[in-house]
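Asker: Structure provided below as structure tokens; questions to follow.
Numbering (the working numbering), first residue to last: -16 to 601.
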């Protein structure tokens, strides 16, 4: 309890009243939320008391009661579930595997398992912050660009349609329109070939990603890449995902709209409201507490409403039962047999789709996604530290986290996910909302995802979600993704003609060049089919076209560090006032015996310089 005293005779009435409200501005006020009140001690003076409330219910290193930790872990699990499902669905579509429920089930099971494994690694030996690692959409966009540049990549060779009495298989279908075993085997072979290409290239870029962290190159990238480069790159990625989202929504725009509108109402229109929730404790018994449940789980509520509407329309026979029509995939029973046929337990294993292969176009696409993922994750590390009220992560912690993400990407490739893993910003927002920042919660989250990945029935259940319901959820998720990308503009000078010109030109170029190749694919002719394929892979990638131009202009056009937003990114702790942290740099210390940390060799390792950092700070 802190006390301020002042003579009542020297203090006017209006000033005494306003002092109670303006106590936040007093220089002696400690860091944290306070509750203030004025208590007259005598006729001569007034005592103002305010009580310091903790910033967080549980700090990063605190132990949380098991039942409460599991509850918070399920919340973290459900928040990230829809994004992981969307990315896994994209991978199945890109690799021509949408027609094979068993492949889609195995892809999702592997995705959920890797979410748990990489989160476990990040919390224990990575940054040691409560960071969730989930399926990375940064690796999907370049593949979508390749698909747009070659729309016939999933069609069978000319002449094979005779095997099914002239029945054609289209790239835009979600259902095989033939029962010919030969055609089904041929298309399965195409899907497995593409999956093994993703597998081999992902293992290679994952190793490169890991080396970036082990060698400390992540800090070097931050010297040349800032918000002016990142905003166009991420915004182009989110915008380009709209093409794939339309493919899901076209099955039934009504169900898609209901799903999206429900999620938006819950998250935005009712954001200022809290709903009553029933709880029980030994001291209070059953009681009601108010919590923004509908806002935290808005996307999941939207999914449930859309899924329920689909079930009603299916039961009333409003939706067509003709598998050849796109509307058929809006039915809730379109893939109900997947749950019946799925095994209860199945552990994903290395090379489950075949021997890894290499494809130069896929490798380049994944390498671009890796650079974008590294920069995006570094921003999330600093954001998580601010949310948890701990010091900004030192360079050795950032390098270790990047190395762990690279290791997770390589493992994802080995198991055949078809995508890497990255840090999820939405889960950081949950920490700010619940005020629970303990690592223990993320450890339970990791264990839940590992269980989901092993239990085959769980993945099969998620795959039966109707296609337009997923489309509605994607509208909200990737729309928010675009908004988060734009929020980075707050740290740059928007009154600068330099910044506006760079961002605008980069966005236009990133949209124009891929569209040119899609509309006029024959304009690019070098005389070599192999070179044409490589160039089309590069130029059809909006992130490469727009992001490269933005990086070049941002580093060649004169501008101050403040104007470019570099200062705000590299020194987020500089707020002009001292700040009291809940914990110190010791929370970033690697899990090694203390005597190891004092070895002379440690100070030369970019990912393990804890003792050197302590001596520097002292």
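Yeah, the Cβ is synthetic: ideal placement off N, Cα and C, and Gly gets one too.
Values in this document were obtained by computation on a predicted structure and should not be read as measured data.
Could you have a look at residue 262 and say whether DSSP puts it in helix, strand or coil?
Answerer: Of the three classes helix, strand and coil, the one that applies to residue 262 here is strand, per DSSP.
Asker: Considering only residues of the same chain and omitting the five flanking positions on each side of residue 509, which have a CB-CB separation below 6 Å?
Answerer: Once the five neighbours on either side are set aside, the close Cβ partners of residue 509 are 515.
Asker: Go ahead and label residue 124 buried or exposed: buried means 16 or more other beta carbons lie within 10 angstroms of its beta carbon, across all protein chains shown.
Answerer: buried
Asker: Is the number of C-beta pairs between the region 379 to 399 and the region 165 to 172 that are closer than 8 Å three or more?
Answerer: no
Asker: Since residue 322 sits in a beta bridge, which residues does DSSP pair it with?
Answerer: In the DSSP output, where bridge partners are listed per residue, residue 322 has none listed.
Asker: In terms of residue numbering, what span does the beta strand (DSSP E) encompassing residue 404 cover?
Answerer: Unbroken beta strand (DSSP E) run through residue 404: 404 to 406.
Asker: Exposed or buried, which one is residue 39 when buried takes at least 16 other CB atoms within 10 Å?
Answerer: buried
Asker: Could you compute how far the alpha carbon of residue 240 sits from the alpha carbon of residue 455?
Answerer: For the pair residue 240 and residue 455, the Cα-to-Cα distance works out to about 6 Å.
Asker: Specify the secondary structure class of residue 27 as computed by DSSP and reduced to three states.
Answerer: For residue 27, the pLDDT reaches just 44, beneath the cut-off of 50, and the residue's location in the model is therefore unreliable, although a value from the coordinates is still provided. Three-state result, residue 27: coil.
Asker: Expressed to the nearest angstrom, what Euclidean distance is found between the alpha-carbon atoms of residue 347 and residue 85?
Answerer: Annotation: residue 347 to residue 85 spans about 29 Å, alpha carbon to alpha carbon.
Asker: Using three-state DSSP, classify residue 271 as helix, strand or coil.
Answerer: strand
Asker: Is the closest heavy atom of the ligand SAM to the C-beta of residue 442 under 7 Å?
Answerer: Ligands displayed in this structure: none; no statement on the ligand SAM is therefore possible.
Asker: Would you identify the three-state DSSP class for residue 116, choosing helix, strand or coil?
Answerer: strand
Asker: Put residue 41 into one of helix, strand or coil per three-state DSSP.
Answerer: strand
Asker: Measure the alpha-carbon distance for residue 463 versus residue 264 and round it to whole angstroms.
Answerer: Between the alpha carbons of residue 463 and residue 264 lies a gap of roughly 36 Å.
Asker: Comparing C-alpha positions only, which one of 106, 268 and 92 sits nearest to residue 573?
Answerer: 106
Asker: Give the DSSP-derived three-state secondary structure of residue 452 in the structure shown.
Answerer: helix
Asker: For the region 327 to 355, which segments carrying the beta strand (DSSP E) assignment without a break, of at least 3 residues, lie completely within its bounds, in sequence order?
Answerer: none
Asker: Compute the beta-carbon to beta-carbon distance between residue 547 and residue 209, rounded to the nearest angstrom, for a pair I have assumed lies under 8 Å.
Answerer: 5 Å
Asker: Do the region 363 to 374 and the region 532 to 550 meet, that is, are 3 or more Cβ pairs less than 8 Å apart?
Answerer: no
Asker: How would you label residue 252, buried or exposed, when you count the other beta carbons within 10 angstroms and need 16 or more for buried?
Answerer: It counts as exposed.
Asker: On the three-pair Cβ rule with 8 Å, is the region 275 to 287 touching the region 314 to 322?
Answerer: no
Asker: Name the two residues that bound the continuous alpha helix (DSSP H) containing residue 310.
Answerer: Per DSSP, residue 310 belongs to no alpha helix (DSSP H) and is neither H nor E.
Asker: State the Cα-Cα distance for the pair residue 394 and residue 259, rounded to the nearest angstrom.
Answerer: Answer to the nearest angstrom: the Cα atoms are 43 Å apart.
Asker: Looking only at C-alpha atoms, which of 224, 177, 435 and 51 sits nearest to residue 330?
Answerer: That would be 435, whose Cα lies nearest to the Cα of residue 330.
Asker: Could you give the DSSP three-state label for residue 9: helix, strand or coil?
Answerer: Low local confidence applies: a pLDDT of 41 at residue 9 is under 50, so the model's placement there is unreliable, and no value is given.
Asker: Taking C-alpha atoms, which residue in 398, 218, 333 and 302 lies nearest to residue 487?
Answerer: 218
Asker: With three or more beta-carbon pairs closer than 8 Å as the criterion, would you say the region 419 to 439 touches the region 94 to 113?
Answerer: yes
Asker: For residue 513, does the count of other Cβ atoms within 10 angstroms reach 16, so buried, or fall short, so exposed?
Answerer: exposed
Asker: Per DSSP, what are the beta-bridge partners of residue 438 in this structure?
Answerer: 328
Asker: Pull the bridge partners of residue 419 from the DSSP assignment, please.
Answerer: 41
Asker: Take residue 466 as the anchor and find which of 325, 563, 51 and 221 has the nearest alpha-carbon.
Answerer: It is 221.
Asker: Just mark residue 400 as buried or exposed, buried being the case when its beta carbon has 16 or more other beta carbons within 10 Å.
Answerer: buried
Asker: Any idea what DSSP makes of residue 75, helix, strand or coil?
Answerer: helix
Asker: Our contact map puts residue 192 next to residue 67 with C-beta atoms below 8 Å; I'd like the distance itself, whole angstroms only.
Answerer: About 19 Å separates the two Cβ atoms, so there is no contact after all.
Asker: Identify which residue in 493, 360, 342 and 236 has its Cα closest to the Cα of residue 517.
Answerer: 342
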